[in-house]
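J.: Once you've had a glance at the structure underneath, I'll fire off some questions.
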Amino acid sequence: MKALILPLLLLTSLAACTSASESGQLPKPQPGVEQSTWTVLNITGTTQQPDPVEAKIRELEAAGQLKILKVMESFPAQYEIKGSQQALSAVQEAANPIQAPKKDLKALAALDAAEALWMQKRPEHYAYQLQASCFCPPEYTQPIAIRVFKGVVQQADLVTSKQPLPADRKADAKTIDELFKIIRDAINRPAASVQVTYDPNYGFPSSISIDLDQMMADEEIYYTAKDFKVASGLKPAQH
289 MKALILPLLL LTSLAACTSA SESGQLPKPQ PGVEQSTWTV LNITGTTQQP
339 DPVEAKIREL EAAGQLKILK VMESFPAQYE IKGSQQALSA VQEAANPIQA
389 PKKDLKALAA LDAAEALWMQ KRPEHYAYQL QASCFCPPEY TQPIAIRVFK
439 GVVQQADLVT SKQPLPADRK ADAKTIDELF KIIRDAINRP AASVQVTYDP
489 NYGFPSSISI DLDQMMADEE IYYTAKDFKV ASGLKPAQH
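Okay, here's the thing in structure tokens:
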């Protein structure tokens, strides 16, 4: 009886293999099994913590889609891995640095047009209020009443307290031309975002919003310019 069982099992196994072959189905590779089409890739990690390259390599290794052949414990780490083209592409994508923002040509054109209008109509003597908004002490966000004569700040007072701007904050009292420079520098940097509203009559920037780096927090810069007036013949008040 036992002599009949073995031939029967062999016939059953052979029939199963023949059936699978005829149907065109091949056994699926098991996770962790190296495939003949796998290729080798040498890649360097990033300085980010946690490192997205290492995370992706470990993830794909656990899924059986690649093997780690060698790790050089440098900073950043260097890896020699072997895997499918799809897996290696995923690792390379993780290694690519975040794309730097491109210069906003539309914002630059708007700046050029507004500054040209300002240069055409800029009065010799003008006054306006400038208020900054930032993640800084409250005294730095108080509006400043500024008088400018021939491109130079002649007087700057804190609007709320009606006191002169402290000498150590002289740079906070900006001329309109300095605001244009801030905008141009941000666009040329290029900053992640530069949003500006310009006065339709004189071209000066009435509101400025600059985000230097989307990956950083609390470094945004905001300015509001209002109450602009031509002050021809107006002399600075004496304190």
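With the sequence shown counted from 1, adding 288 to any position gets you this note's numbering. Even for Gly, the Cβ is constructed at its ideal location relative to N, Cα and C.
#1: Look up LYS355 in the DSSP assignment and give the residues it is bridged to.
#2: Grouping DSSP H, G and I as helix and E and B as strand, with all else coil, what is LEU329?
#3: So, using beta-carbon positions, are THR335 and PRO364 closer together than 8 Å?
#4: Return the Cβ separation of ILE369 and LEU329 in integer angstroms, given the expectation that the two are a contact with Cβ distance under 8 Å.
#5: Less than 7 Å separating the Cβ of GLN373 from some heavy atom of the ligand ATP?
#6: Among all the DSSP beta bridges, which residues are the ones paired with MET360?
#7: Buried or exposed: which applies to ALA404, given that a residue is buried once 16 or more other Cβ atoms fall within 10 Å of its Cβ?
#8: Considering only the alpha carbon of each residue, which of ASP473, ASP515, ALA480, LEU500 lies closest to TYR490?
#9: Beta-carbon separation of TYR414 and CYS422 under 8 Å?
#10: So PHE492 packs on ALA474, CB below 8 Å; how close in whole Å?
#11: Give me, in chain order, the residues of the same chain whose beta-carbon lies closer than 8 Å to that of GLN366; leave out the 5 immediate sequence neighbours on both sides.
#12: Helix or strand or just coil, what does DSSP make of PRO426?
#13: For the beta strand (DSSP E) containing ASP499, list its first residue and its last residue.
#14: List in chain order: all unbroken alpha helix (DSSP H) runs of 4+ residues lying wholly within the segment 418-485.
#15: Within the chosen definition, does the segment 371-378 reach the segment 431-444 through at least 3 CB pairs nearer than 8 Å?
#16: Rounded to whole angstroms, what is the Cα-Cα separation between LYS390 and ALA398?
#17: Determine, using beta carbons only, whether ALA382 and PRO340 come nearer to each other than 8 Å.
#18: Please report the straight-line C-alpha distance between GLN374 and GLN353, rounded to a whole angstrom.
#19: Please return the same chain residues whose Cβ sits closer than 6 Å to the Cβ of THR485, not counting the five positions on each side in sequence.
#20: ASP400 by DSSP, collapsed to three states: which one?
#21: So, is GLU412 buried or exposed, given that buried needs 16 or more other C-beta atoms within 10 angstroms?
#22: Go through its chain and collect everything with a Cβ distance to ASP392's Cβ below 7 Å, but skip five positions before and after it.
T.: Taking the coordinates as given:
#1: Within the sequence shown, numbered from 1, the residue matching residue 355 stands at position 67. In the DSSP output, where bridge partners are listed per residue, LYS355 has LYS370.
#2: As a working note, residue 329 is residue 41 in the sequence shown. DSSP places LEU329 in strand when its eight states are reduced to three.
#3: Taking the sequence shown and counting its residues from 1, one reaches residue 335 at position 47. Taking the sequence shown and counting its residues from 1, one reaches residue 364 at position 76. In this structure, PRO364 lies closer than 8 Å to THR335 by Cβ.
#4: For the purposes of this step, residue 369 is identified with residue 81 of the sequence shown, where counting begins at 1. For the purposes of this step, residue 329 is identified with residue 41 of the sequence shown, where counting begins at 1. About 5 Å; that satisfies the 8 Å criterion.
#5: For the ligand ATP, the structure offers nothing, since it holds no ligand at all.
#6: Numbered from its first residue, the sequence shown carries residue 360 at position 72. Its beta-bridge partners are GLN366.
#7: On the sequence shown, position 116 is the one that residue 404 refers to. ALA404 should be labelled exposed.
#8: Within the sequence shown, the letter at position 202 stands for residue 490. The shortest Cα separation from TYR490 among ASP473, ASP515, ALA480, LEU500 belongs to ASP515.
#9: For this step, residue 414 is matched to residue 126 along the sequence shown. For this step, residue 422 is matched to residue 134 along the sequence shown. Cβ atoms of TYR414 and CYS422: not closer than 8 Å.
#10: As a first step, residue 492 must be located in the sequence shown, where it is residue number 204. As a first step, residue 474 must be located in the sequence shown, where it is residue number 186. Wrong, their Cβ atoms sit about 16 Å apart, outside the cutoff.
#11: Residue numbering aside, residue 366 sits at position 78 when the sequence shown is read from its first letter. If we look at GLN366 and ignore the five residues flanking it on each side, its Cβ neighbours are ASN330, ILE331, THR332, GLY333, VAL359, MET360.
#12: Residue numbering aside, residue 426 sits at position 138 when the sequence shown is read from its first letter. Reduced to three states, the DSSP call for PRO426 is helix.
#13: Taking the first residue of the sequence shown as position 1, residue 499 is located at position 211. 493-499 is the span of the beta strand (DSSP E), which, as asked, contains ASP499.
#14: 464-476
#15: no
#16: Here residue 390 refers to the residue found at position 102 when the sequence shown is read from its first residue. Here residue 398 refers to the residue found at position 110 when the sequence shown is read from its first residue. If you take the alpha carbons of LYS390 and ALA398, they lie about 16 Å apart.
#17: On the sequence shown, residue 382 is found 94 positions in, with the first residue counted as 1. On the sequence shown, residue 340 is found 52 positions in, with the first residue counted as 1. In contact: ALA382 and PRO340 (Cβ atoms closer than 8 Å).
#18: One-based indexing of the sequence shown puts residue 374 at position 86. One-based indexing of the sequence shown puts residue 353 at position 65. Answer to the nearest angstrom: the Cα atoms are 9 Å apart.
#19: Here residue 485 corresponds to residue number 197 of the sequence shown, with the count starting at 1. If we look at THR485 and ignore the five residues flanking it on each side, its Cβ neighbours are SER494, SER495.
#20: The residue given as residue 400 occupies position 112 in the sequence shown. It is helical.
#21: Within the sequence shown, the letter at position 124 stands for residue 412. Its Cβ having fewer than 16 others within 10 Å, GLU412 is exposed.
#22: Within the sequence shown, numbered from 1, the residue matching residue 392 stands at position 104. For ASP392, where only same-chain residues beyond five positions count, the Cβ hits under 7 Å are ILE475, PRO478, VAL482.
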